[in-house]
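Before any comments, here is the structure.
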Amino acid sequence: MNTLNSSSQPRLAVGCRVREGEDGAGALLVPEGVLRLKGTAIDILRLCDGRRTFAEILVEMESRYQSADPKQMEQEIESFLSRLQQRRVIDF
Amino acid sequence: MTTPPLALIAELTHRCPLHCVYCSNPLQLRANFEELPTEVWIQVLEQAAKLGMFQVHFTGGEPLARSALNSLVSVAHSLDLYTNLITSGIGLNEKKLASLIAAGLDHLQLSFQDSDEGSADRVAGVPVHARKVALANLIHECKSLAFTVNLVVHRHNLDRLESIISFAESLGPQRIEIANVQYYGWALKNREWLLPTCEQVQRSVLIVQRAQERLKGRIKVDFVTPDYYASFPKPCMGGWGRQLMLVDPSGRVLPCHAATVIPGMDFENVREKSLSWIWEDSGSFRRFRGEDWMPEPCRSCDRRTLDFGGCRCQAFLVTGDEAATDPVCSLAPAHSLIEERISHANLSCGPDGASLPPSWTYRTQSVPSSPRSPLQAERTEGRVSDTPTS
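Sequence order for the protein chains is A and H. Sequential numbering of the first sequence, starting at 42, is according to my numbering. Sequential numbering of the second sequence, starting at 482, is according to my numbering.
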């Protein structure tokens, strides 16, 4: 099993797509259905383009959400991406 | 306004080269001449996108039996719908696969009947297993297409579950779906022969958990549980009229694969009404939406927002009352009807899992191929009952 580290370059796995709704809310389309994206999830997934590293994604998110605690944000993003990797939604 | 549906299940045809004994299609299959023309399917896809749906699942019968499949995938893709093909693979070759991918196919689910060729072919009623394995290798090489291997499990193959999972793994999918038979359509007809024993079920749950742990991050393993053995019912279709719309080959719009078994229901047809009207206003979609229809114990049960009272079709098929609590629920007044089936399956004199049933019913039916030549019957057959969509 892969472990996420600062040089990992996460990207959406084959068969997984993000779609933005008219109301700005997002949906993650996967083979077995639709997952509603809440809060910053859509921002994070948009940054998972296979080029940016995990470290770069964190820097970008920190600059967008300056009032958030960076340590806590890092933990949350790491746990979010790891869970999605286990579901085969994200590859890195 | 009602929240829009998430996905369209497009049953393009009931024709299928397989005769699986557990097919989930209805016993009354729609004939060729009743099938919606391609231009109507295109309108259906346009209406689905407009209604806010995200995905379209092309299924059947065998959807590859419709020559317009490629164009329909292309139209759906151009409407920004996620496209999923649920298939037995029969009718597919390298060229067709390449053109489906070029048309924008996102995901393909290939069904298998077993890991063992002889057993697989006996369930399908035709020798197709070896061809499916060859196709799986072709699909695996298409790196831009997501690939699920679906395997239906039941009394006669659950004892081989470990080798079934190894077999599925060897085909190289991103996802494996181990789906216990659900008792609708042809599966209900063969229930006595398909229902597993308690011991088989308990063992299989552990085997699947171990596989999930072992394959974590590499292959996602989904398990469709045997609902007769569950304590609570499945949230069938995510709730009646809450998430999904199914259009059958003749254009009838159903809240669930099996809904036509419920007597007295009037299902609208896409030839006459729009999907949007059917979703919002039709009596059939409103019939079991929300909680007003619920009997006790559902009405006051905390789980009513999780399972929505279970499956309406199963309630009707087992109890004769479509508005009853799904009898698989341990709290249901009619739960003893399920317990009776389970005790029968667990009797030592019940059908032996290792031996083949002497008389099961293959899905095969004669239907007129054209309304003008009713005497010229054509055999129209079954499909792999892949996924209860959940």
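The beta-carbon is built from N, C-alpha and C at its ideal position, and this holds for glycine as well.
| field | Backbone secondary structure at lysine 531 of chain H - three-state DSSP | value | Here lysine 531 of chain H sits in helix by DSSP.
| query | Where are the beta strand (DSSP E) runs, 3 residues long or more, that stay fully inside the stretch 661 to 707 of chain H, in chain order? | reply | Those beta strand (DSSP E) runs which fall completely within the stretch 661 to 707 of chain H and span 3+ residues are 701 to 705.
| task | Specify the secondary structure class of glycine 74 of chain A as computed by DSSP and reduced to three states. | result | DSSP places glycine 74 of chain A within a strand segment (E or B) once states are collapsed to three.
| Which residues of chain A have a Cβ atom closer than 9 Å to the Cβ of phenylalanine 704 of chain H, listed in chain order? | Correct list: empty, because the minimum Cβ distance to chain A is about 12 Å.
| request: To the nearest angstrom, report how far apart isoleucine 646 of chain H and leucine 828 of chain H are at their CA atoms. | output: Between the alpha carbons of isoleucine 646 of chain H and leucine 828 of chain H lies a gap of roughly 28 Å.
| query | In chain order, what residues of the stretch 581 to 609 of chain H put their CB closer than 8 Å to some CB of chain A? | reply | Only Asp587, His588 and Gln590 from the stretch 581 to 609 of chain H bring a Cβ to less than 8 Å from some Cβ of chain A.
| said: When you compare the CB of arginine 105 of chain A with every CB in chain H, is at least one pair closer than 9 Å? | reply: Arginine 105 of chain A does not count as touching chain H.
| message | Would isoleucine 700 of chain H and glutamate 650 of chain H qualify as a contact pair, given that the criterion is a beta-carbon distance under 9 Å? | response | In this structure, glutamate 650 of chain H lies closer than 9 Å to isoleucine 700 of chain H by Cβ.
| Bridge partner(s) assigned by DSSP for arginine 656 of chain H | Arginine 656 of chain H is bridged to H/Thr629 and H/Lys701.
| If you draw a straight line from the C-alpha of aspartate 69 of chain A to the C-alpha of glutamine 107 of chain A, how long is it? | For clarity, residue 69 of chain A is leucine in the given sequence; the question names aspartate instead. Computed Cα separation, rounded: 26 Å.
| said: Going by the DSSP bridge assignment, what does serine 592 of chain H pair with across the sheet? | reply: H/Asn631.
| said: Considering only the alpha carbon of each residue, which of H/Lys624, H/Leu562 and H/Leu510 lies closest to isoleucine 523 of chain H? | reply: When only C-alpha atoms are compared, the closest one is H/Leu562.
| Using CA coordinates, which residue listed in H/Pro707, H/Val634 and H/Ile657 is at the minimum distance from arginine 822 of chain H? | The option with the nearest alpha carbon to arginine 822 of chain H is H/Pro707.
| query | Under the DSSP definition of a beta bridge, which residues are partnered with leucine 135 of chain A? | reply | Nothing about residue 135 of chain A can be read from this structure; chain A reaches only from 42 to 133.
| message | Looking at chain H, is there any beta carbon in it that lies within less than 9 Å of the beta carbon of proline 72 of chain A? | response | It does: the Cβ of proline 72 of chain A has a partner Cβ on chain H nearer than 9 Å.
| query | How would you label cysteine 679 of chain H, buried or exposed, when you count the other beta carbons within 10 angstroms and need 16 or more for buried? | reply | It counts as exposed.
| message | Please report the straight-line C-alpha distance between threonine 564 of chain H and serine 811 of chain H, rounded to a whole angstrom. | response | Those two C-alpha atoms are separated by around 37 Å.
| Residue of A/Leu45, A/Gln116 and A/Phe133 minimising C-alpha distance to arginine 92 of chain A | Considering only alpha carbons, the answer is A/Phe133.
| said: Helix, strand or coil, according to DSSP, for arginine 784 of chain H in the structure here? | reply: Three-state DSSP puts arginine 784 of chain H in coil, outside helix and strand.
| When burial is assigned at 16 or more other CB atoms within 10 Å of the CB, is proline 518 of chain H buried or exposed? | So proline 518 of chain H ends up on the exposed side.
| said: Whole angstroms are fine: how far does the CA of glutamate 772 of chain H sit from the CA of aspartate 807 of chain H? | reply: In this structure, the straight-line span from the alpha carbon of aspartate 807 of chain H to that of glutamate 772 of chain H is close to 14 Å.
| request: Just mark proline 744 of chain H as buried or exposed, buried being the case when its beta carbon has 16 or more other beta carbons within 10 Å. | output: When all chains shown are included, proline 744 of chain H counts as exposed.
| query | According to DSSP, is arginine 641 of chain H helix, strand or coil? | reply | Helix at arginine 641 of chain H.
| query | Comparing the C-beta of glycine 128 of chain A with each C-beta of chain H, is any distance below 9 Å? | reply | As written in the sequence, residue 128 of chain A is arginine, which differs from the glycine given in the question. Chain H, which has a Cβ nearer than 9 Å to the Cβ of arginine 128 of chain A, makes this yes.
| For phenylalanine 769 of chain H, the three-state DSSP class (helix, strand or coil) | The answer is coil: DSSP assigns phenylalanine 769 of chain H none of H, G, I, E or B.
| request: Would you mind working out which of H/Arg672, H/Thr845, H/Ser600 and H/Lys577 sits nearest leucine 589 of chain H, comparing C-alpha positions? | output: Taking leucine 589 of chain H as reference, the option from H/Arg672, H/Thr845, H/Ser600 and H/Lys577 with the minimal CA-CA separation is H/Lys577.
| said: At the level of alpha carbons, what is the spacing between proline 869 of chain H and phenylalanine 713 of chain H? | reply: Model confidence at proline 869 of chain H stands at a pLDDT of 36, short of 50, so the residue's coordinates are unreliable and nothing is read from them.
| Of all the CB atoms in chain H, is at least one closer than 9 Å to the CB of cysteine 57 of chain A? | Closer than 9 Å: yes.
| field | Cβ neighbour criterion (16 or more within 10 Å) applied to alanine 611 of chain H | value | Counting other Cβ atoms within 10 Å of its Cβ, alanine 611 of chain H stays below 16 and is therefore classed as exposed.
| message | So, under 8 Å CB-CB, leucine 566 of chain H and leucine 581 of chain H are touching, yes? Tell me the CB distance rounded to an integer number of Å. | response | So it is a contact: roughly 7 Å between Cβ atoms.
| With distances taken between CB atoms, is the gap from methionine 726 of chain H to isoleucine 490 of chain H smaller than 9 Å? | Between methionine 726 of chain H and isoleucine 490 of chain H, the C-beta spacing is below 9 Å.
| is_contact[leucine 550 of chain H, chain A] using C-beta, thresh 9 Å | By the rule that beta-carbons nearer than 9 Å mark a contact, leucine 550 of chain H does not touch chain A.
| field | Counterpart residues of methionine 886 of chain H in DSSP-defined beta bridges | value | Outside the displayed range of chain H (482 to 871) lies residue 886 of chain H, so it cannot be described from this structure.
| Unbroken alpha helix (DSSP H) run spanning valine 554 of chain H, endpoints | Following the DSSP letters along the chain, one finds valine 554 of chain H inside the alpha helix (DSSP H) bounded by residues 550 to 559.
| task | Just confirm the distance between the C-beta atoms of alanine 96 of chain A and leucine 78 of chain A, as a whole number of angstroms; I'd bet it's less than 8 Å. | result | Not a contact, Cβ separation roughly 23 Å.
| request: Return helix, strand or coil for threonine 800 of chain H, following the three-state DSSP convention. | output: Helix, per DSSP.
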